[in-house]
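K.L.:
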Amino acid sequence: MNMSQNQNEGFIQPRIIRGQVDSLSLFEITDYELEILEQGTPNSLYLNFAVFFISMAVSFLTSLMTIEISDIRIFIIFTLLTIVGFSIGVILLILWYRGRTKISNVIDKIKARVPSLTSIPPVLNDEQRIENQNQS
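Last residue of the sequence shown: 136 (my numbering), numbering continuous.
1) Have a look at Ser55, Leu37, Arg15 and flag the residue whose alpha-carbon is nearest the alpha-carbon of Phe86.
2) Could you tell me the distance, in whole angstroms, from the CA atom of Met65 to the CA atom of Ala57?
3) I need the DSSP call for Asp22, collapsed to helix, strand or coil.
4) Which residue marks the beginning of the alpha helix (DSSP H) containing Phe27, and which one marks its end?
5) Tell me whether Ser55 sits in a helix, a strand or coil according to DSSP, three-state version.
6) In whole angstroms, what separates the C-alpha of Pro14 from that of Asp22?
7) In terms of residue numbering, what span does the alpha helix (DSSP H) encompassing Val106 cover?
8) Under a three-way DSSP split, which group does Phe60 fall into?
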């Protein structure tokens with residue numbers, strides 16, 4: 001009995017069902033591109049925090065505009081929270097906007113290396129090849 005029979009003894013091999021694919025595109029990427037894709041982006045966090053800070057600033061601005069605040073300390077706190085909220089929110093929106101294109105640019109660059117499917121002639125099966133040869 002050889003070693004491969006010993007290893008397979010007692011194990012049932014799974015039944016493999018394969019659906020044929022008519023074409024397969026392989027994309028080669030550089031180490032740098034792989035690192036960018038692995039890191040991902042914190043864009044969703046930037047957007048979530050931007051929405052939070054802008055919402056907070058709008059709430060405090062609405063409070064400042066609609067009610068009369070007699071205590072100067074509370075007025076200053078509300079004003080500072082409004083200014084800080086809008087400032088941080090806008091900065092995070094800018095970071096989100098600038099960062100959202102980084103990964104999509106890398107992906108577009110990788111996809112551009114493979115010609116489009118319309119420029120590649122279709123793969124013919126044996127019957128179609130025989131028909132084309134007979135017609136020629």
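Glycine included, every Cβ here is placed at the ideal spot set by N, Cα and C.
P.N.:
For this structure:
1) Position 86 of the sequence shown, counting from 1, holds the residue named residue 86. Of the candidates Ser55, Leu37, Arg15, the one whose C-alpha sits nearest the C-alpha of Phe86 is Ser55.
2) Residue 65 sits at position 65 when you count from the first residue of the sequence shown. Residue 57 sits at position 57 when you count from the first residue of the sequence shown. If I take the Cα positions, the gap works out to 12 Å.
3) Residue 22 sits at position 22 when you count from the first residue of the sequence shown. Three-state DSSP puts Asp22 in coil, outside helix and strand.
4) The sequence position of residue 27 within the sequence shown is 27, counting from 1. No alpha helix (DSSP H) contains Phe27, which DSSP labels as neither H nor E.
5) To locate residue 55, count along the sequence shown from 1; it is residue 55. Three-state DSSP puts Ser55 in a helix.
6) On the sequence shown, position 14 is the one that residue 14 refers to. On the sequence shown, position 22 is the one that residue 22 refers to. Distance between the alpha carbons of Pro14 and Asp22 is about 25 Å.
7) Within the sequence shown, the letter at position 106 stands for residue 106. Note, Val106: alpha helix (DSSP H), 72-112.
8) By 1-based counting over the sequence shown, the position of residue 60 is 60. Phe60 falls in the helix class under three-state DSSP.
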